[in-house]
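2 protein chains.
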Amino acid sequence: MPKPVVSESARRRRRPTKSGMVLSEELIVRTALRMLREHGSAGLTVRRLGIALGADPSTLYRYFTGMDDLTLAIGDMLIGRAMADWHGTGDWRADLRELGLRIHAAYLEHPQAAVLTANRISGKSHEVAADEAILGLLRGAGFPDRDVVRIYHAFIDMTLAFAALDAASLALPEEARAADEEIWQATYARLPAATHPNIAAVAPLLVAGMNDSAYPAALEMLLGSAESHLTAGPGAA
Amino acid sequence: MPKPVVSESARRRRRPTKSGMVLSEELIVRTALRMLREHGSAGLTVRRLGIALGADPSTLYRYFTGMDDLTLAIGDMLIGRAMADWHGTGDWRADLRELGLRIHAAYLEHPQAAVLTANRISGKSHEVAADEAILGLLRGAGFPDRDVVRIYHAFIDMTLAFAALDAASLALPEEARAADEEIWQATYARLPAATHPNIAAVAPLLVAGMNDSAYPAALEMLLGSAESHLTAGPGAA
DNA sequence: CTTCATACGTCAATGGTGTTGGCATAAGCT
DNA sequence: AGCTTATGCCAACACCATTGACGTATGAAG
Chain A
9 MPKPVVSESA RRRRRPTKSG MVLSEELIVR TALRMLREHG SAGLTVRRLG IALGADPSTL
69 YRYFTGMDDL TLAIGDMLIG RAMADWHGTG DWRADLRELG LRIHAAYLEH PQAAVLTANR
129 ISGKSHEVAA DEAILGLLRG AGFPDRDVVR IYHAFIDMTL AFAALDAASL ALPEEARAAD
189 EEIWQATYAR LPAATHPNIA AVAPLLVAGM NDSAYPAALE MLLGSAESHL TAGPGAA
Chain B
9 MPKPVVSESA RRRRRPTKSG MVLSEELIVR TALRMLREHG SAGLTVRRLG IALGADPSTL
69 YRYFTGMDDL TLAIGDMLIG RAMADWHGTG DWRADLRELG LRIHAAYLEH PQAAVLTANR
129 ISGKSHEVAA DEAILGLLRG AGFPDRDVVR IYHAFIDMTL AFAALDAASL ALPEEARAAD
189 EEIWQATYAR LPAATHPNIA AVAPLLVAGM NDSAYPAALE MLLGSAESHL TAGPGAA
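As they're listed, the protein sequences go chains A and B.
Per this note's numbering, the first sequence starts with residue 9, numbered consecutively.
Per this note's numbering, the second sequence starts with residue 9, numbered consecutively.
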């Protein structure tokens with residue numbers, strides 16, 4: 009049976025696992041998040057997750073159709089955390105900035121999970137809520153629908169793209185950050201000025217600055233561009 | 009022996025494989041790229057790659073220390089293709105735009121490969137060459153070193169981030185694009201205006217526009233911001 | 001309070017994966 | 001022509017996701 013999974017709300021009989029633990033989607037996803045943090049983004053396996061839950065691995069297929077489905081659920085939980093307690097202030101630009109930074113931060117708080125999920129569409133409740141909020145801010149600001157969609161698109165893609173990229177370098181540690189770090193020190197920082205004059209000239213600055221995310225600056229540019237377009241009126245290109 | 013791999017240049021004895029094929033790093037990477045295109049981003053396995061090359065899977069470990077090393081080599085080849093035949097024109101802004109679009113395009117030409125490699129640092133030759141070129145353009149434009157590094161950082165991260173994101177949606181087809189597409193149609197396009205007024209209002213525009221990349225617009229904003237900062241002089245914030 | 005259908009946890013098995021150590025042979029230097 | 005050793009092959013290991021059959025505890029029905 010390909011899809012024997014019953015929805016969480018329709019779940020009635022909750023039988024404790026052999027070790028006495030009572031399962032739920034929520035518990036499984038939270039456990040998966042913890043495992044990702046502890047064992048790295050490649051450390052989440054059905055077997056290990058089963059062990060961590062004190063349940064047989066195959067039990068998880070009663071809750072998710074497969075690893076992919078679980079992945080989407082993890083991503084939706086991250087967005088949910090970003091949106092928790094969020095309230096608009098009425099200033100669309102400030103609100104949009106806050107929202108972007110929140111989403112970015114929520115992903116970076118679980119980099120190993122972010123790597124797996126940041127570029128997937130889940131269609132689950134929290135994701136939809138975030139999109140509705142963003143579109144609402146832009147429409148409330150008075151943008152015509154064409155611009156709403158264009159700005160929304162750039163905003164959400166850029167946010168997720170940076171989240172994925174920044175998370176990737178944070179997520180490596182458990183598996184290969186040491187290697188990448190070593191590459192950086194061994195290769196870039198020691199290139200001779202004769203063959204690579206430009207890299208050599210700014211090497212110290214590169215080493216110092218490459219650890220910070222470029223997202224906040226990029227976001228500000230996006231918001232600034234949008235605002236100038238708004239004040240210029242709908243006629244402007 | 010953990011690292012028995014000899015460098016490509018030091019390779020002397022080239023013994024043909026059982027099926028008569030003579031291996032090389034180049035050939036292996038090109039074959040891997042073809043397999044990624046044909047079988048999707050999860051379709052690249054050491055065993056399959058071995059079969060495609062007419063060689064035993066374990067033979068590949070004479071050329072790469074492991075799957076991860078092969079992945080980095082694939083990424084470097086993509087950058088190499090982006091940089092092939094590139095020549096600066098002297099107009100730093102046009103050159104930078106051209107370079108960004110080339111890299112972005114090179115990744116999107118092999119989305120399945122891009123997904124695996126876009127957020128890794130390889131330190132291999134083509135990657136270093138690209139970085140040297142970008143830094144050279146900015147320094148040649150007259151930016152002070154601090155700004156060179158800041159702009160370089162935003163430029164390369166944004167380019168790779170969008171490449172990864174855009175590639176991800178292109179790469180899904182073989183595995184889960186159908187699912188994501190279905191989510192889009194089934195969930196977003198049919199949300200009732202009562203609960204999600206903003207999504208419902210712009211749904212048709214969303215469907216129409218979400219397939220194009222937001223990268224070109226974002227890149228232009230970055231370049232514009234940099235240029236205005238340059239003309240404003242080093243004293244400007 | 002008892003009965004009953006079945007939801008859900010468990011078991012066992014399948015066919016995949018990356019990776020390694022030992023072996024033998026042919027390549028290319030001297 | 002002979003020797004070293006690089007390099008391709010083989011067999012084995014541990015792990016992976018996923019599935020189908022099975023039995024039992026569970027919650028509802030009477």
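For every residue, glycine included, the Cβ atom is placed at its ideal position computed from N, Cα and C.
Verify whether the separation of the beta carbon atoms of residue i and residue j is less than 8 Å.
i, j, result
"aspartate 84 of chain B", "serine 32 of chain B", "no"
"alanine 226 of chain A", "methionine 29 of chain B", "no"
"methionine 91 of chain B", "histidine 161 of chain B", "no"
"alanine 172 of chain A", "valine 136 of chain A", "no"
"arginine 154 of chain A", "leucine 213 of chain B", "yes"
"glutamine 120 of chain B", "leucine 230 of chain B", "no"
"alanine 175 of chain B", "alanine 126 of chain B", "yes"
"isoleucine 207 of chain A", "leucine 107 of chain B", "no"
"phenylalanine 72 of chain A", "alanine 63 of chain A", "no"
"histidine 118 of chain B", "leucine 41 of chain B", "yes"
"leucine 145 of chain A", "glycine 96 of chain A", "yes"
Determine, using beta carbons only, whether residue i comes closer than 8 Å to chain B.
i, result
"alanine 213 of chain A", "According to the sequence shown, residue 213 of chain A is leucine rather than alanine. It does; some Cβ of chain B falls within 8 Å."
"alanine 113 of chain A", "no"
"histidine 161 of chain A", "yes"
"glycine 144 of chain A", "yes"
"alanine 225 of chain A", "yes"
"histidine 47 of chain A", "no"
"methionine 218 of chain A", "yes"
How big is the Cα-Cα spacing for residue i and residue j?
i, j, result
"glutamate 182 of chain A", "isoleucine 59 of chain A", "Only weak support exists for where glutamate 182 of chain A lies, its pLDDT of 44 falling under 50; the value from the coordinates is given anyway. Distance between the alpha carbons of glutamate 182 of chain A and isoleucine 59 of chain A is about 20 Å."
"threonine 25 of chain B", "valine 54 of chain B", "16 Å"
"serine 236 of chain A", "glycine 232 of chain B", "13 Å"
"tyrosine 69 of chain A", "lysine 132 of chain B", "42 Å"
"aspartate 103 of chain B", "proline 65 of chain B", "42 Å"
"glycine 74 of chain A", "serine 177 of chain B", "20 Å"
"arginine 158 of chain B", "glutamate 228 of chain A", "15 Å"
"aspartate 220 of chain B", "glycine 48 of chain B", "21 Å"
"leucine 35 of chain B", "glutamate 140 of chain B", "27 Å"
"proline 200 of chain B", "arginine 105 of chain B", "42 Å"
"alanine 179 of chain B", "alanine 202 of chain B", "35 Å"
"aspartate 77 of chain B", "leucine 116 of chain B", "21 Å"
"leucine 61 of chain B", "histidine 204 of chain A", "36 Å"
"glutamate 46 of chain A", "arginine 128 of chain B", "21 Å"
"alanine 50 of chain B", "alanine 222 of chain A", "30 Å"
"alanine 6 of chain A", "glycine 217 of chain B", "Within the shown structure, residues of chain A are numbered from 9 to 245, placing residue 6 of chain A beyond reach of any answer."
"valine 37 of chain B", "arginine 22 of chain A", "50 Å"
"valine 156 of chain A", "alanine 194 of chain B", "22 Å"
"alanine 18 of chain B", "proline 224 of chain B", "42 Å"
Can you give the beta carbon distance from residue i to residue j, rounded, assuming they're within the 8 Å contact cut?
i, j, result
"alanine 169 of chain A", "isoleucine 87 of chain A", "So it is not a contact: roughly 15 Å between Cβ atoms."
"leucine 238 of chain B", "phenylalanine 151 of chain B", "6 Å"
"tryptophan 94 of chain B", "arginine 110 of chain B", "7 Å"
"alanine 211 of chain A", "alanine 197 of chain A", "5 Å"
"leucine 57 of chain B", "threonine 79 of chain B", "Actually they do not touch by this definition, with Cβ atoms about 12 Å apart."
Counting only beta-carbon separations shorter than 8 Å, does residue i have a partner in chain A?
i, result
"valine 54 of chain B", "no"
"alanine 18 of chain B", "no"
"glycine 131 of chain B", "yes"
"arginine 154 of chain B", "yes"
"serine 233 of chain B", "yes"
"methionine 91 of chain B", "no"
"arginine 229 of chain B", "For the sequence presented, residue 229 of chain B should be read as methionine rather than arginine. Yes, its Cβ sits closer than 8 Å to a Cβ of chain A."
"glutamate 140 of chain B", "yes"
"isoleucine 207 of chain B", "yes"
"valine 210 of chain B", "yes"
"methionine 166 of chain B", "yes"
"histidine 134 of chain B", "no"
"alanine 245 of chain B", "Bear in mind that a pLDDT of 41 at alanine 245 of chain B, under 50, signals an unreliable position, so the model cannot answer this."
"leucine 178 of chain B", "no"
"threonine 195 of chain B", "yes"
"arginine 101 of chain B", "no"
Any heavy atom of the ligand NAP inside 7 Å of the beta-carbon of residue i?
i, result
"histidine 95 of chain B", "With respect to the ligand NAP, the structure offers nothing, as it holds no ligand at all."
*Entirely enclosed alpha helix (DSSP H) segments - the region 59 to 144 of chain A, minimum 4 residues*: Taking only runs of at least 4 residues, the alpha helix (DSSP H) segments lying wholly in the region 59 to 144 of chain A are 75 to 91, 100 to 117, 119 to 125.
*Within the region 146 to 185 of chain B, note down every full beta strand (DSSP E) run reaching 3 residues or more, in order along the chain.*
With a minimum length of 3 residues, no continuous beta strand (DSSP E) run stays inside the region 146 to 185 of chain B.
*Going along the chain, which unbroken runs of the alpha helix (DSSP H) with 4 or more residues stay wholly within the region 198 to 239 of chain A?*
List check, alpha helix (DSSP H) in window: 205 to 217, 223 to 239.
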